[in-house]
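In what follows, a single structure is set out as structure tokens and then discussed.
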Amino acid sequence: MVARDSSKSPEVALPRIAALFLVVFDRKVGYTIAWKREITGLKLDGVVEYKSLPSGLHNCDEDLVYFVHEQYAGISAFANRPADESERNAHFAAVGVLVKPSGRLGRSWLHAQRLRHLVDNIVDDTNNTDVLQEYWEQNRIAVEDERDVGDGEPSTDHHPSNQRKQRALSDAAGLHSRNPTLSHHHPAMSLAQHLDTFGPLIFPLQRAALLKKRILVMSPAPVHTACNLVYNLSVLSNIPPSVADTLQDRGALYPLRPLFNIGIHDIDYLSQLASDAKPQNSWIACTTDDILETKSKLYDVLVELPSRDAVVTGVKQWPHIRTSTGEDIKATQRDLRRYYALKRELNRVQHARRALQNEREDEEAIEDDDTENENAPLVPSRPDQRSDQDQYVQLEGEAKLAEPSSWASIAYTSFLWWASAGEKDALLDDEACQDARLLDDLPLPAPSRQSLRSGRKRSFGQEDSDGDDERLQSVAVTLVAYAHRLTTLVISTLADIVQVAEAERRDGDESTITIHSEDLRRMGLDEWSQSDGEFVKAMAALYFGRDGVETVGRTVDLCGLKIC
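Structure (structure tokens):
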């Protein structure tokens, strides 16, 4: 029997599962596995109960948790229901599965809705496991296929194969504009939320992922959003196939390994990865265990997400990103301008969506009332929104997420204003054109009239859900493509520079590579930012094996005298 995901598309088959388990809270021993089924040779005890139930989850009503166990991808649905005082006033339970290895999560999110339904039905009576047995029998890996599971691609394999590197280049194929259909629970559907959460900080975070940094995300419970962030950052840091062949260090093609939810029981494993600093041992994970934050030798970058209490106050709280040595990581001024351009484009498309929605409502009103209201206007009036459709209202503290403008950049732009306003305008125009090219032809269409009209055939709730999913999917496809274009700019420009340097090499000596301010601008980076200069040096070392790269910034000369 082939299981189907009936929540959205009955045509999508659920991935087969290697294990199904129920975790409950026992007053004497804590979290324990109350029921389980697994294929031969797969160990669950002492592992999945900790991975699927992070610290602090008892304060939440529900959650979805992603994790990895050996070569399997896991997902668990957690539920918390009121109970009497003898049971600490709560019933806790989690139902989870492990799926065959494939990509980052083995499409385990397709089980999310059904796992939620299972745990909702079983949390108050954990002895009612008949529904679990039925789910296992319907979705388990066939007995004859069990021997092939170990031949798949492990999600956390210490020595990934060439197949894994190839998947790093194409893992986001499901997000391609030609095939943009995503499940409602696909992690990429939260990319719009991540953009709002991080603001311009999303760009330095992507650069850290490109440099194969070990990234630890500290998150309050629930962790579903943080798990989605882990997935999405690993996708945003993929190397586009168009520039993969230009890389001289093929080891850098290993994807940033997503570990998803981790805890104190994973410290030994993280220590093993830290002992061998190779690109294939880089990772990104999220945790609610504060003790991991103190283990600064295990990670390179720490991302602290705002607490849930910050959301309740109504005041926007931003994440805090810093290195393991305590240095703050901020966006550059170029990142800030690029972020504003991206948000304006997303807003413009959103206005187009609303305009089509209003048009559909007007057409429906005319169809319904044409026999009752003969005096109704032929063209209903609507407030003109063109004046604000290209605007973006900055949020409180948003500009403070970026590095302050350097004295050199202020002096240079002031000099251009005094000496040649036209040259300053030309620089800004070039930057705006570059941002426009990054957004050109991206899959950001407003919904068609046909898709909007089709909502009339659905129920009220289904129409709203489908429309929201369409918007989130469109943003997801756009942001992935946008990030990969930024990566392409940097790598292709570096490849050209390295190629020229090798052509000029004399007597077999490796010539020094110099990155000029114009080169940084071609890469879409901030020519005045020291952090962007260091980023380019690290990219040259990681992807092209070239150390000792020099960066030369822009200078201002007045009558032969260097001003800055």
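Take 1 as the starting number for the sequence shown in the UniProt record's numbering and just add one per residue.
Built from N, CA and C at the ideal position, the CB exists for glycine as well.
### Message
From the DSSP secondary-structure annotation, give me the bridge partner or partners of residue 260.
### Response
To locate residue 260, count along the sequence shown from 1; it is residue 260. DSSP, once it has assigned bridges, lists 67, 285 as partnering residue 260.
### Message
Extract the residue ranges of the beta strand (DSSP E) inside the region 187-212, only unbroken runs of 3 or more that lie entirely within it.
### Response
The DSSP assignment places no complete beta strand (DSSP E) segment of no fewer than 3 residues inside the region 187-212.
### Message
Can you tell me whether residue 546 is helix, strand or coil according to DSSP?
### Response
The count along the sequence shown starts at 1 and reaches residue 546 at position 546. Three-state DSSP puts residue 546 in coil, outside helix and strand.
### Query
Nearest CA to the CA of residue 202: which residue from 400, 335, 231?
The residue you call residue 202 lines up with position 202 of the sequence shown. The residue with the shortest Cα to Cα distance from residue 202 is 335.
### Query
So, do the region 125-133 and the region 188-208 have three or more beta carbon pairs nearer to each other than 8 Å?
no
### Query
Opposite residue 35 in the DSSP bridges: which residues?
Here residue 35 corresponds to residue number 35 of the sequence shown, with the count starting at 1. Answer is 22, bridged to residue 35.
### Message
How far does the beta strand (DSSP E) with residue 271 in it extend, from its first residue to its last?
### Response
Start at 1 with the first residue of the sequence shown, and residue 271 comes out as number 271. Careful: residue 271 lies outside any beta strand (DSSP E), inside the alpha helix (DSSP H) at 267-274.
#### Entry: For residue 74, the three-state DSSP class (helix, strand or coil)
Reading the sequence shown from its first residue, position 74 is the one you call residue 74. DSSP places residue 74 in strand when its eight states are reduced to three.
### Query
If you draw a straight line from the C-alpha of residue 545 to the C-alpha of residue 245, how long is it?
The residue given as residue 545 occupies position 545 in the sequence shown. The residue given as residue 245 occupies position 245 in the sequence shown. If you draw a straight line from the Cα of residue 545 to the Cα of residue 245, it is about 14 Å long.
### Query
Just checking, does the region 476-491 make contact with the region 522-536 on the three C-beta pairs under 8 Å criterion?
Yes: at least three Cβ pairs fall under 8 Å.
### Query
Looking at residue 115 and residue 95, is the spacing between their C-beta atoms short of 7 Å?
By one-based count along the sequence shown, residue 95 stands at place 95. By one-based count along the sequence shown, residue 115 stands at place 115. Closer than 7 Å, so yes.
### Query
From this set, 214, 18, 236, 533, which residue's C-alpha is nearest residue 271's C-alpha?
Here residue 271 corresponds to residue number 271 of the sequence shown, with the count starting at 1. Ranking 214, 18, 236, 533 by Cα distance to residue 271 puts 214 first.
### Query
Which residue from 73, 81, 254 puts its Cα closest to that of residue 97?
Within the sequence shown, numbered from 1, the residue matching residue 97 stands at position 97. It is 73 whose Cα lies nearest to the Cα of residue 97.
### Task
Would you identify the three-state DSSP class for residue 80, choosing helix, strand or coil?
Within the sequence shown, residue 80 is the residue found at index 80, counting from 1. If DSSP states are grouped into helix, strand and coil, residue 80 belongs with the strands.
### Query
Rounded to the nearest angstrom, how far is the Cβ of residue 67 from that of residue 198, given a contact under 8 Å?
To locate residue 67, count along the sequence shown from 1; it is residue 67. To locate residue 198, count along the sequence shown from 1; it is residue 198. At roughly 23 Å, the Cβ-Cβ gap does not stay under 8 Å, so residue 67 and residue 198 are not in contact.
### Message
Run through the DSSP bridge pairs and tell me what residue 619 is partnered with.
### Response
Given that the chain is displayed from residue 1 to residue 564, the structure contains no residue 619 and the question cannot be resolved.
### Task
Compare the Cα-Cα distances from residue 341 to each of 433, 217, 52 and report the closest residue.
On the sequence shown, position 341 is the one that residue 341 refers to. It is 433.
### Query
Does the beta-carbon distance from residue 17 to residue 140 come in below 7 Å?
Counted from its first residue, the sequence shown places residue 17 at position 17. Counted from its first residue, the sequence shown places residue 140 at position 140. Using a Cβ distance threshold of 7 Å, residue 17 and residue 140 count as a contacting pair.
### Message
Helix, strand or coil, according to DSSP, for residue 120 in the structure here?
### Response
In the sequence shown, the residue the question calls residue 120 occupies position 120. Of the three classes helix, strand and coil, the one that applies to residue 120 here is helix, per DSSP.
### Query
Closest to residue 398 by CA distance: which of 322, 477, 227, 316 is it?
Position 398 of the sequence shown, counted from the first residue, corresponds to residue 398. The residue with the shortest Cα to Cα distance from residue 398 is 316.
### Counted within 10 angstroms of its Cβ, other Cβ atoms place residue 38 as buried (16 or more) or exposed
Within the sequence shown, numbered from 1, the residue matching residue 38 stands at position 38. So residue 38 counts as buried.
#### Entry: Residue from 328, 490, 109 with nearest C-alpha to residue 227
On the sequence shown, residue 227 is found 227 positions in, with the first residue counted as 1. When only C-alpha atoms are compared, the closest one is 109.
### Query
Where residue 255 and residue 532 are concerned, what is the direct C-alpha to C-alpha distance, given to the nearest angstrom?
Within the sequence shown, the letter at position 255 stands for residue 255. Within the sequence shown, the letter at position 532 stands for residue 532. Rounded to the nearest angstrom, the two C-alpha atoms are 22 Å apart.
### CA-to-CA distance, residue 289 to residue 23, given in whole angstroms
Translated into the one-based positions of the sequence shown, residue 23 becomes position 23. Translated into the one-based positions of the sequence shown, residue 289 becomes position 289. Distance between the alpha carbons of residue 23 and residue 289 is about 19 Å.
### Message
Taking the alpha helix (DSSP H) that residue 224 belongs to, which residues open and close that run?
### Response
For this step, residue 224 is matched to residue 224 along the sequence shown. Segment 224-236, the alpha helix (DSSP H) holding residue 224.
### Query
Does the region 188-195 come close enough to the region 320-337 to have 3 or more Cβ pairs within less than 8 Å?
no
### Beta-ladder partner(s) of residue 30, from DSSP
The residue given as residue 30 occupies position 30 in the sequence shown. DSSP output for residue 30 lists 26 as bridge partner(s).
### Task
Can you check DSSP and say which residues form a bridge with residue 98?
Here residue 98 corresponds to residue number 98 of the sequence shown, with the count starting at 1. Paired residues: 19, 74.
### Task
Return the first residue and the last residue of the alpha helix (DSSP H) that residue 521 is part of.
In the sequence shown, residue 521 corresponds to position 521, counting from 1. Element bounds for residue 521: 517-522.
### Query
Thinking C-alpha only, which one of 30, 275, 189, 105 is nearest residue 468?
Translated into the one-based positions of the sequence shown, residue 468 becomes position 468. Of the candidates 30, 275, 189, 105, the residue whose Cα lies closest to the Cα of residue 468 is 189.
### Task
Can you say whether residue 54 is buried or exposed, counting buried as having 16 or more other CB atoms within 10 angstroms of its CB?
Position 54 of the sequence shown, counted from the start, is the residue given in the question as residue 54. Classification for residue 54: buried.
### Query
Do you know how far the Cα of residue 304 is from the Cα of residue 230?
Residue 230 sits at position 230 when you count from the first residue of the sequence shown. Residue 304 sits at position 304 when you count from the first residue of the sequence shown. Taking the straight line from one Cα to the other gives about 13 Å.
### Own chain, CB closer than 8 Å to residue 251, minus 5 neighbours either side, in chain order
For the purposes of this step, residue 251 is identified with residue 251 of the sequence shown, where counting begins at 1. Taken in chain order, the residues that qualify are 278, 279, 280.
### Query
From residue 111 to residue 25, what distance separates their C-alpha atoms?
Translated into the one-based positions of the sequence shown, residue 111 becomes position 111. Translated into the one-based positions of the sequence shown, residue 25 becomes position 25. Roughly 23 Å between the two C-alpha positions.
### Message
Mapping the DSSP letters down to three states, classify residue 478 as helix, strand or coil.
### Response
Counting from one through the sequence shown, the residue named residue 478 turns up at place 478. Note: residue 478 maps to helix in three-state DSSP.
### Task
With DSSP as the reference, label residue 4 as helix, strand or coil.
Translated into the one-based positions of the sequence shown, residue 4 becomes position 4. Confidence in residue 4 is poor, its pLDDT being 47 and thus under 50, which makes the residue's placement too unreliable to answer from.
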